[in-house]
């Protein structure tokens, strides 16, 4: 077996172990010892690839941030298209779904809430002139909708993504409207 194949396999085992552990406990409660034990790799193999668990998760966070940013920009304020593509991405990439779960880091939660607020401000309020909320009302409504969308996303992840991405995106649009 080549070195690259072995490295890839080790990283996959560590990723899968992290997904499982994030399904059971918060990121802060996960130790490197239990991660390598569950992944069935040695500590030295872990440290060959990563400095610590934060270093490991940082690469995934960066990719998640870049992907979400791209999806938001690509769909240019289309809330339904953005949510649908995001849910499809999460459905196909369980490590990223795990990163958005209730057990992941606050940094990721804050980033996602900020992105959702930006999307809502650029797509929802310009189309909803009839609401007449005023500036203060928009601030609170933006926070309300962003938290509703993010909380629903976390609930969907907690429920093991039983609904299709289309079903959950449609439901959210229906709830928002």
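Numbering (the UniProt record's numbering), first residue to last: 1 to 177.
Glycine included, each C-beta is placed from N, C-alpha and C at the ideal position.
As the structure is a prediction and not an experimental result, all values here were calculated from the model.
Residue i (DSSP reduced to helix, strand or coil)
i	result
residue 152	helix
residue 176	helix
residue 164	coil
residue 52	coil
residue 43	helix
residue 78	coil
residue 178	Coverage of the chain is limited to positions 1 through 177, which leaves residue 178 absent and any answer about it impossible.
residue 122	helix
residue 30	coil
residue 88	helix
Alpha carbon of residue i to alpha carbon of residue j, nearest angstrom
i	j	result
residue 17	residue 132	49 Å
residue 108	residue 165	21 Å
residue 76	residue 155	26 Å
residue 27	residue 88	24 Å
residue 35	residue 22	10 Å
Residue i burial status per 10 Å Cβ neighbour count (16 or more: buried)
i	result
residue 47	exposed
residue 70	exposed
residue 59	exposed
residue 103	buried
residue 115	buried
residue 101	buried
residue 149	buried
residue 30	buried
residue 85	buried
CB-CB length for residue i against residue j, believed under 8 Å
i	j	result
residue 94	residue 168	That pair is no contact at about 16 Å.
residue 145	residue 120	5 Å
residue 14	residue 56	7 Å
residue 117	residue 142	5 Å
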